[in-house]
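First up is the structure itself, then whatever we jot down about it.
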Amino acid sequence: MADLATVMQSIRKIDATLGVIRTTLQRHVPAASRLSGKSRKRAQPHWTEALSLQLSNLSNELDDVKKEMQRGSAISDTHCHNVNSAELDAAQDGRTRISKQPQDKDEQLAQRAPTLPPSSPTNASSVPAPDMEVRQQAADGVPWNNTQTTAPEIASSLGFGQSGPAGPGREVAKDMTPSQLVSCRASPLGGQLDFSLSVEDMGEKLVPNIMRLINDDRFTGILSVQGIGEIDWTNLMRSIRPPEKTHEILGVKYSKPHPIKGVAELRLSTPRNFAFPDFSQTIKEPSREACLDYLRQVINNPPESTIPYYIGLPLTPTFDHLLHPGEPLLNISLIDGLNKVYWYAGEEGSGSPFHCEDWKLYSYNLVLYGWKLWIMIRLSHTKKFEAFIRKCCPSNSCDQFVRHNSLLVSPETLQKHGIEFDIHVAGPGQMVVTRPEQYHAVVNITRNMAIAINFAPPDRAVRPDDLCVCSKCGLYALQCEGIRKVPSEPTLPASTNLAGKRQGSGDASHLREKRQRREDPIQPRKKRRIGGNAAKSQTSMGSLKTTQSSQALRKTVEQIKEIDKLCHLPSLREKPPVHVLKLIAAIGSRVAIQQFITLVADRRDLSNTTRMDTSGDPSSRAMQYAHRIKISERKSMLERFLIRVNQVSFVQELDRSKNGRIRVDEKLLRVIEKRTGWSTPTLEHHRKMGNKWKRICGDFDGLLCFIFLDPKNPFSVLPEQYQNMNDEDLEIFHRLLKDDYFDSIRSAGKAFQKSLNSAVADIEFCWESRKAPLGRLSEAELLLYLNPFPTVSENIYDEGKFSKRPRPPAWPEDWQWPEDPTWLHPDSRQCDLCLQTKCDCIKTKIASKLMPRIKDYGPKGRGLQAVAHAPGYHAYKKGDILGELTGVLEPLGRYRSDTWTLEMVREDLDDQNHHQHDLRVCQIRCADKSSYFRLANHACRPSVRLVGKPISGRYRWVFIAARHILHGDEITGNFGKRSLRGTNCLCIDCAAE
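Numbering (our numbering), first residue to last: 9 to 1001.
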């Protein structure tokens, strides 16, 4: 039987080669049925018809040989364990096969690796003839003909949601059994795939060749690679250098089953003793039914131990020449895992949870050893799948929120929720290709080795347009203007749509909204009443309206709470229209809070260089706002928000420029057009939008921060719905905003909008220094976290804290105690900056009118960035005073080893009898109240010095520039190694070492 197996293997290879030739011929010489009318009239080359005929004859002869081999196999040895009937059938025509369930599932699942299921008595005795199998398939609703079934046809016949009629003889069962979920787009290794490439087609040629396949409508994402040859795994294993023990990904582990049936978590986990998988042993090809059984097992009854799985850079260069990222990716700076080949080597059961590729890239994964099962969500069902994941787990708003949840979902569960997908089983020499934003999950059915890389086609511009990342994302460290950074904390547990379906943008969705309002039960159609019953009918109609209005409001509230259980709703005593309530609910939702947090995070990003300072008369300021609108026409959330802010400010300055006139000076408008390059319609558009947003916000400053910027939101609320409110609706809208919750969030929004001006001190918010799950806080807790951090311009002294504390050693005996430790004796000099006894130098002699910005400096956390009038200019010159460090004064020894507490030293009290250690008079605690200078990070070679000076009647600690500080430089001070609390210093100089 070993000889028979060898012959069958040769036959498979010949059959596969014929398939490649046939596919190539069809690609370059299309059949007449696919040609246009004019093309059909043109004579096709005679050689094509002759070649096609010869190929067909050769294929038929090969089929006859296989049939004879099958019959011979059944007669000579009915118990062959190497090749069973299912494998032979798959080799015969390359179509989908659904194997029978094994008699003993427990025995099957107990095996370490899925193997072929035991044969049933019927197929143990004989192998059914091909025509018998065809009749059986027809009875099961699976179509068959003399040509190979294409992948889309297979998917349709297996009930994966393919739309369109089944056709004669193609009736598809509505309720599929679990075994019928196998959409085997890829046959086992012995089968024939629709598409293939050779090794010569790979390397630098791979991307264009793959793109040609992708552009073929029949391509479903899997192909075979011919010519790889046998791999000497024994010698290869000897040449592999073992990965470092500190390598990031060495294993995965399944969690306990998820509360939702058919869902499991698969997360990274490091095994105690990692051993690289041994690929020197031969593994049998598993049946497709065994693959599905194994998938159900790991999801519903997952293994408890960590499964070794190496994911990382190649450990030998043996396979590096096979894959290529494409020129667009190759020409950017190298990013691990994005444009480098990665190895995926793991034991059975290892795999990757559902995710899509970063940066909307393609990817290919080439299997070299073992078998992988792929579940690939169809692109048309991406949004439905994302909504399902949000129902499973609390999620944030970054592009990779599905990846962060680390979920595996069974095919049965996907089918139950109406999500269409494809399943591929890929073996050695087979490649799976994923498309941009295509979600997929992988489970290694056997011990497995594969290589993979992201790629981009030649015409793809690789730039981070509207890329949204959080700190969990691999691309978070990139500093690019197009990247929008959001908090990693989850917001809502679900993303249910208020209208039941996602609405689009533009006229179509607006038309649907109008139609919904006409059909809304709170607005019944008015009917004309005739005769004496009119008054009675009107009374009844009024009662009906009230009842319907109450019912509609109750239903709407239920829908809102389904979307966001923590959504704040105003009092409904006056029974507002449903559409107005939806607009209010969107502003009161946790999604709106998350948007506000994202705006602040975007503002903290080092790559954000937005400036909002203005100067001059109203006409000049209007010109500046117009210019900012133009440069803000990008896609990040902050830039979109700034367009709205600048539009409002633009029309406000235009109104001020009227100087009592009814209309804006036409000359000013023409000058603005000339300097911005706007056309008149563009200028009028921004005026119109500015007036609309101004009308919506009214006297409610800060509201703009909480009106959705993204039309793709759980409430399906569009900006046009706010803008198109009539006067009556707007009046109700403004009345509903008058409660404590909306007042609090507006105060936060107002403070943020004010801080956008570079001439105003930046605002720090309480949540930024206290990591809290905002999506789960109570309303009262949330409002506390949204408050601006309390800033104080003077140190806070409480005599009660010092009354029972001993006098500091340096405090003169003839001075009163307890006393404010910053107090200056009337006979001493009151200010180092002037000769006056009373002055305001602390307010008037600060070096710059442009305040430092709070920025995110990665591992160091938030810090301060110097701001000048323009890049390249000095923000501060050496010796300039930047500002004062303030806080709450505490007695010495009150706080120990605290990074927010410094000890104040009074050098003006120094004499020959005191050491500097004895000159300490108190502590300054900056944790709860302080100036924003508390955020200055430590550096061993700082840009500023913290110096004590008598200024304006008090002894103050001020930051003085130790050198010239340029626009954009970080403001750092040397606070001593103790301030690091045993951690490594992250300053530039230490990092360089």
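Just so it is clear, CB atoms sit at the ideal spot from N, CA and C, and this is done for glycine as well.
Alpha-carbon spacing of Phe227 relative to Asp366, whole angstroms: Going from the Cα of Phe227 to the Cα of Asp366 covers about 23 angstroms.
For Ala818, three-class secondary structure by DSSP: In the structure shown, Ala818 sits in coil (DSSP, three-state: anything other than H, G, I, E or B).
Residues that DSSP places opposite Asn462 in a beta bridge: According to DSSP, Asn462 bridges with Ser371.
Candidates Val966, Lys424 and Lys264, of which the one nearest Met912 by Cα: Distances from the alpha-carbon of Met912 to those of Val966, Lys424 and Lys264 put Val966 closest.
Asp610 burial status per 10 Å Cβ neighbour count (16 or more: buried): Under the 10 Å beta carbon count, Asp610 is surrounded by 16 or more other beta carbons and is classified as buried.
Trp831 versus Gly866, Phe797 and Leu897, residue with shortest Cα-Cα distance: That would be Leu897, whose Cα lies nearest to the Cα of Trp831.
Short Cβ contact (7 angstroms threshold) for Phe429 with Ile385: Yes, Cβ-Cβ distance for Phe429 and Ile385 is below 7 angstroms.
Asn413 to Glu273 span [Cα, whole Å]: Straight across, the Cα-Cα distance linking Asn413 with Glu273 is about 8 angstroms.
Outcome for Leu387 when other beta-carbon atoms lying within 10 angstroms are tallied against a minimum of 16: With fewer than 16 other beta carbons inside 10 angstroms of its own, Leu387 counts as exposed.
Proximity to Tyr372 [Cα-Cα], best of Ile459, Phe708 and Leu577: In terms of Cα proximity to Tyr372, the closest of Ile459, Phe708 and Leu577 is Ile459.
C-alpha gap between Gly757 and Leu712, whole angstroms: Straight across, the Cα-Cα distance linking Gly757 with Leu712 is about 8 angstroms.
Whether Phe287 touches Met439 by CB criterion (7 angstroms): No, they are not a contact pair.
Arg562 to Pro584 span [Cα, whole Å]: Straight-line spacing of the CA atoms in Arg562 and Pro584 works out to 12 angstroms.
Member of Asp467, Cys993 and Lys857 whose CA lies at the smallest distance from the CA of His877: The shortest CA-to-CA distance from His877 to any of Asp467, Cys993 and Lys857 is the one to Lys857.
Nearest-angstrom Cα separation, counted from His833 out to Asp822: Roughly 10 angstroms separates the two Cα atoms.
DSSP-derived helix/strand/coil call for Phe697: The amino acid at residue 697 is misidentified as Phe; the sequence shows Met. Met697: helix per DSSP, three-state reduction.
Three-pair Cβ contact test at 8 angstroms for the region 655-664 versus the region 731-744: In short, these stretches do not touch, since the Cβ pair count stays below three.
DSSP-derived helix/strand/coil call for Gln289: In the structure shown, Gln289 sits in coil (DSSP, three-state: anything other than H, G, I, E or B).
Straight-line Cα distance separating Thr421 from Asn462: Distance between the alpha carbons of Asn462 and Thr421: 29 angstroms.
Helix, strand or coil at Ala434 according to DSSP, with G and I counted as helix: In the three-state DSSP reduction, Ala434 falls in the strand class (E or B).
Sequence-distant residues of the same chain with beta carbon closer than 6 angstroms to Gly981, five excluded per side: For Gly981, same chain residues with a beta-carbon under 6 angstroms away, outside a window of 5 residues either side, are Ala944, Pro950, Val952 and Leu954 in chain order.
8 angstroms contact criterion, which Tyr884 and Asp770 should meet: CB distance rounded: Not really, about 16 angstroms apart at Cβ, beyond 8 angstroms.
Contact test: Arg914 Cβ vs the ligand COA heavy atom, cutoff 6 angstroms: With respect to the ligand COA, the structure offers nothing, as it holds no ligand at all.
Contact the region 670-680 vs the region 710-724: 3+ CB pairs below 8 angstroms: Counting Cβ pairs under 8 angstroms, fewer than three are found: no touch.
Residue of His363, Ile257, Val417 and Val215 minimising C-alpha distance to Glu335: Minimum Cα distance to Glu335 is reached at Val215.
Val451 - partner residues in DSSP beta bridges: Paired residues: Gly359 and Leu381.
CA-to-CA distance, Val349 to Ala82, given in whole angstroms: With a pLDDT of only 44 at Ala82, under 50, the local geometry of the prediction cannot be trusted, and the value read off the model is given with reservation. Cα-Cα distance, rounded: 45 angstroms.
Chain D within 7 angstroms of Leu974, Cβ atoms only: In the displayed structure, chain D is absent; only one protein chain is listed.
Distance between Ala600 and Glu566 (C-alpha atoms, nearest Å): Rounded to whole angstroms, the separation of the alpha carbons of Ala600 and Glu566 is 19 angstroms.
Collapsed DSSP secondary structure at Met210 in the structure displayed: Coil.
Same chain, Cβ closer than 8 angstroms to Ile29, neighbours up to 5 away in sequence not counted: Here the set comprises Leu63.
Straight-line gap, His694 to Gln655 (C-alpha atoms, nearest Å): About 6 angstroms.
Nearest-angstrom Cβ-Cβ length linking Pro361 and Ile383, presumed shorter than 8 angstroms: That belief does not hold up - the Cβ atoms of Pro361 and Ile383 are roughly 10 angstroms apart, past 8 angstroms.
Assigned secondary structure, Leu26 (DSSP; H/G/I helix, E/B strand, else coil): DSSP places Leu26 in helix when its eight states are reduced to three.
Ser801 burial status per 10 Å Cβ neighbour count (16 or more: buried): Counting Cβ neighbours within 10 Å, Ser801 comes out exposed, since fewer than 16 surround it.
Nearest-angstrom Cα separation, counted from Lys846 out to Phe810: Approximately 27 angstroms, taken between the alpha carbons.
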